[in-house]
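Trainee:
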Amino acid sequence: MKLTVIGCGDAWGSAGRHHACFRLDAAGLVLTLDFGASSIVGWHRLGMDPAAIDAVVISHLHGDHFGGLPFLLMNAQYHSTRDKPLLIVGPPGLRQALDRAIEVFYPGVARRGWRFDWRVHELEPGGSLALNGVSLSSASVLHGRDMAATALRVDDGKRVFAYSGDTAWTDDLIGISDRADLFVVDCYSADADIVGHLNWPVLRDNLSRLKARRIAVTHMSAAMRARSAEVVAAGVTPLDDGMEIEF
Ligand SMILES: [Zn+2]
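Numbering (this note's numbering), first residue to last: 794 to 1040.
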């Protein structure tokens, strides 16, 4: 598998990093975990063609994680060579939220029809889905009360990639990271206990309980990013936009 970090920023674009978006090449598929509002910019900035994407998998319905989907669809409709279908997977409520977002940003466009096939598959937290040689599974995490928030795992039979989505600490992360070759985990805050996100002291204290071979942190605030040397010293990889990790 190969991870390409399209965006690993927080919701506010701290330090100029793009919203959450992780390209994962696995078993001949191009998957994208999350597609935040600025993700289409991130794809083009890295010289990558969004028409390559087979499936987008959304962790939760916040704009910095799914808000770029209308732009991805519009790019495919009017400005790309996409000649294959697009599958969009995410938690319950995704279809309605996406339809509303498309209508808000580009009124009427959905009624004129699409020149390519795309469909939405809503995956219950705890559910799984087989995709051409890849198994995708989701698990509930702790982020906001008004929607389902999930962590995601991708298993191609040889390697496992795990992603926490946005979450406060929960012991469920131990199982979510189990046997993962790479685990990308939220570490938004440097010190303060922010509701719905992990902070570095809590993550650091729990590192030995996580069961992944390699751990990388994402969604860092500016204050958290300033402590990257500590992260590295703890054996953890601070992600950056454009970074590639083969595993
Ligand atoms: Zn977020």
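C-beta: ideal position from N, C-alpha, C; glycine also. Remember, predicted model here, so these are calculated numbers, not experimental data.
To the nearest angstrom, how far is the alpha carbon of residue 1026 from that of residue 842?
Mentor: Within the sequence shown, residue 1026 is the residue found at index 233, counting from 1. Within the sequence shown, residue 842 is the residue found at index 49, counting from 1. Approximately 35 Å, taken between the alpha carbons.
Trainee: Residues in its own chain within less than 8 Å of residue 892 by CB, not counting five upstream and five downstream?
Mentor: Translated into the one-based positions of the sequence shown, residue 892 becomes position 99. Closer than 8 Å at Cβ, skipping near neighbours: 903.
Trainee: Counting Cβ pairs closer than 8 Å, one from the segment 840–859 and one from the segment 976–990, do we hit at least three?
Mentor: no
Trainee: Tell me which same chain residues have a C-beta within less than 8 Å of the C-beta of residue 890, skipping the five on either side of it?
Mentor: On the sequence shown, position 97 is the one that residue 890 refers to. For residue 890, where only same-chain residues beyond five positions count, the Cβ hits under 8 Å are 854, 859.
Trainee: For residue 954 and residue 968, what's the separation of their Cα atoms in angstroms?
Mentor: Taking the first residue of the sequence shown as position 1, residue 954 is located at position 161. Taking the first residue of the sequence shown as position 1, residue 968 is located at position 175. The straight-line gap from Cα to Cα measures roughly 13 Å.
Trainee: Going by CA-CA distance only, name the one from 897, 957, 1000 that's closest to residue 801.
Mentor: By 1-based counting over the sequence shown, the position of residue 801 is 8. Of 897, 957, 1000, the residue nearest in Cα terms is 957.
Trainee: Looking at ligand 1, does it come within less than 7 Å of residue 939, judged from the CB to the closest heavy atom?
Mentor: For the purposes of this step, residue 939 is taken as residue 146 along the sequence shown, with counting starting at 1. Outside the cutoff, so no.
Trainee: When DSSP labels each residue in this structure, what does residue 1021 get in the three-state scheme?
Mentor: For this step, residue 1021 is matched to residue 228 along the sequence shown. Three-state result, residue 1021: helix.
Trainee: Would you kindly check if the distance between the Cβ of residue 928 and the Cβ of residue 943 is under 8 Å?
Mentor: Along the sequence shown, read from residue 1 onward, the residue named residue 943 stands at position 150. Along the sequence shown, read from residue 1 onward, the residue named residue 928 stands at position 135. The answer is no: Cβ separation not under 8 Å.
Trainee: Is the beta carbon of residue 949 less than 8 Å from the beta carbon of residue 926?
Mentor: Walking along the sequence shown from the start, residue 949 turns up at place 156. Walking along the sequence shown from the start, residue 926 turns up at place 133. Yes, they are a contact pair.
Trainee: What residues are listed by DSSP as bridge partners for residue 956?
Mentor: For the purposes of this step, residue 956 is taken as residue 163 along the sequence shown, with counting starting at 1. Answer is 945, 977, bridged to residue 956.
Trainee: Determine, using beta carbons only, whether residue 880 and residue 848 come nearer to each other than 8 Å.
Mentor: Translated into positions along the sequence shown, residue 880 becomes position 87. Translated into positions along the sequence shown, residue 848 becomes position 55. Taking 8 Å as the Cβ cut-off, residue 880 and residue 848 qualify as a contacting pair.
Trainee: Starting from residue 911, follow the beta strand (DSSP E) in both directions and report where the run begins and ends.
Mentor: For the purposes of this step, residue 911 is taken as residue 118 along the sequence shown, with counting starting at 1. Looking at the DSSP string, the run of the beta strand (DSSP E) that includes residue 911 is 911–915.
Trainee: Thinking C-alpha only, which one of 895, 913, 826 is nearest residue 905?
Mentor: Here residue 905 corresponds to residue number 112 of the sequence shown, with the count starting at 1. Answer by Cα proximity: 895.
Trainee: Would you list, in sequence order, the uninterrupted beta strand (DSSP E) runs of no fewer than 3 residues that lie entirely inside the segment 808–865?
Mentor: 814–819, 822–826, 848–850
Trainee: Quick check: residue 990 and residue 961, are their CB atoms within less than 8 Å of each other?
Mentor: Mapped onto the sequence shown, residue 990 falls at position 197. Mapped onto the sequence shown, residue 961 falls at position 168. Yes, they are a contact pair.
Trainee: Check each candidate in 916, 938, 870 and name the one with the smallest Cα separation from residue 907.
Mentor: Counting from 1 along the sequence shown, the entry for residue 907 is found at position 114. Checking every option, the nearest Cα to that of residue 907 belongs to 870.
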